[in-house]
Amino acid sequence: MADIQQDLYGLTYSTNFQIQGTQEEAVNLTLPPAPTVLATVTGTVTDGTDPIPDATVKLFDSAGLPYQHTMTNALGEYTLNGVPAGTYSIAAVADGYLMSSSVGVTLSSGDTTAIPLFCTADTTLALGAIAGILTVAGTTGTPLGGAKVSLRNTLGETIATTYTAADGEFLFYDVADGIYSIVASADGYVTTAPMTTTITGGSTANLVMTILVDARTYNGTVSGIVTDQNGNAVADCFVGLYQVITEGTTTREILLASTKTNSTGNYLFGGVTGGQYLVKAKVSQ
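Under numbering that gives the first Met the number 0, the letters of the sequence shown match residues 0 to 284, in that order.
Pasting the structure below:
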């Protein structure tokens with residue numbers, strides 16, 4: 000077998016020029032070194048027995064960063080050309096299969112290395128998913144984190160629950176084909192009406208849900224204990240809740256509610272809406 004001819008220097012070229020009449024033109028060229036002979040990685044992706052077509056094969060460098068990828072053909076075969084000498088790892092994945100184990104390889108210039116890869120089928124990957132985001136109604140898409148989201152079947156039975164992330168996102172995965180309803184709830188909010196969605200053929204549903212503030216419960220409380228200078232609880236003490244209102248450079252205090260301490264000196268105000276407040280206490284003979 001004849002030796003394969005290899006370049007010693009790479010191709011180079013001059014800029015365009017024009018000759019007219021008896022004009023003389025000098026064109027000097029400097030040849031660059033020929034590119035280093037690169038390596039090739041080939042192989043077949045199978046499930047251990049049968050080849051897997053249309054699998055993605057990816058080569059990662061020594062730092063674990065993606066370097067190059069390709070797809071397998073109908074026979075599960077792949078080829079990665081033009082790989083510089085070095086240390087790499089390679090893995091494959093395909094729809095319905097788990098990602099293969101990564102295989103390490105060290106390549107030298109001009110190498111052609113065969114690496115078979117094996118992917119395991121996973122039936123759960125053929126199942127569907129329901130993703131969504133929960134926002135507060137009446138706002139410009141303000142997300143609500145920490146809300147409980149329930150997934151129900153056609154019988155109204157809850158089959159899974161999750162909680163929204165800080166950005167309002169939620170996710171159910173490994174969802175079998177069927178018709179489902181989703182309900183969201185949170186303290187201070189009105190539980191949403193069920194939102195219906197259908198999963199078919201392992202499809203993915205993307206939902207946007209809104210939840211209403213419950214004016215009756217979306218508020219705070221103010222509580223405490225009143226004691227005398229000796230640390231003894233003061234019973235039957237007047238306690239006033241004042242709202243502090245600032246208008247320009249002027250501050251006003253408005254008495255909104257009043258109560259009295261119980262036998263242990265405790266007091267409590269409920270239904271306190273957003274704002275700035277202070278509490279005042281007094282006992283008269």
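Cβ coordinates follow ideal geometry from the N, Cα and C atoms, glycine included.
Subject >> Supposed close pair Leu154, Ile210 - CB separation, criterion 8 Å >> reply: Not really, about 24 Å apart at Cβ, beyond 8 Å.
**OP:** Measure the alpha-carbon distance for Gly239 versus Asn231 and round it to whole angstroms.
**Re:** Cα to Cα, the separation comes out at about 20 Å.
**OP:** Going by DSSP, name the residue or residues bridged to Gly103.
**Re:** Partner(s): Ser88.
Original post:
Across which residues does DSSP place Gln242 in a beta bridge pair?
Top reply: For Gln242, which the question treats as bridged, DSSP gives the partners Ile253, Tyr276.
Original post:
According to the neighbour-count rule (16 or more other Cβ atoms, all chains shown, within 10 Å of its Cβ), is Met208 buried or exposed?
Top reply: With at least 16 other beta carbons inside 10 angstroms of its own, Met208 counts as buried.
Subject >> Cβ shell of Gln22 (< 6 Å), same chain only, five flanking positions each side left out >> reply: If we look at Gln22 and ignore the five residues flanking it on each side, it has no Cβ neighbours.
**OP:** Write down every uninterrupted run of the alpha helix (DSSP H) in the segment 27 to 70 whose length is 4 residues or greater and which is fully enclosed by it, in chain order.
**Re:** You should have found no qualifying run.
Original post:
For the putative contact between Gly42 and Tyr96, defined by C-beta atoms under 8 Å, what is the C-beta separation to the nearest angstrom?
Top reply: Wrong, their Cβ atoms sit about 16 Å apart, outside the cutoff.
Subject >> Assigned exposure category for Ile224 - 16 Cβ within 10 Å defines buried >> reply: Label assigned to Ile224: exposed.
Subject >> Buried/exposed call for Ala91, threshold 16 Cβ in 10 Å >> reply: Buried, since its Cβ has 16 or more Cβ neighbours within 10 Å.
Subject >> CB contact flag (Val233, Gly264, <7 Å) >> reply: The answer is yes: Cβ separation under 7 Å.
**OP:** Give the DSSP-derived three-state secondary structure of Thr263 in the structure shown.
**Re:** Thr263 sits in coil when the DSSP states are folded into three classes, being neither helix nor strand.
Original post:
So, is Ile114 buried or exposed, given that buried needs 16 or more other C-beta atoms within 10 angstroms?
Top reply: Answer is buried; the Cβ neighbour count reaches 16.
Subject >> Residues near Ile244 in its chain [Cβ-Cβ closer than 6 Å; skip 5 each side] >> reply: Residues of the same chain with a CB within less than 6 Å of the CB of Ile244, apart from the 5 flanking positions on each side, are Arg251 in chain order.
Original post:
With a CB to CB cut of under 6 Å and the five nearest residues on each side skipped, what residues in its chain are close to Thr111?
Top reply: Residues of the same chain with a CB within less than 6 Å of the CB of Thr111, apart from the 5 flanking positions on each side, are Thr39 in chain order.
Original post:
Near Thr163, what residues of its chain come up, given a Cβ to Cβ distance below 7 Å and the 5 sequence neighbours on each side ignored?
Top reply: If the five residues before and after Thr163 are omitted, its C-beta is found closer than 7 Å to the C-beta atoms of Leu133, Leu143, Gly144, Gly145, Ala146, Val148, Phe169, all from its own chain and listed in chain order.
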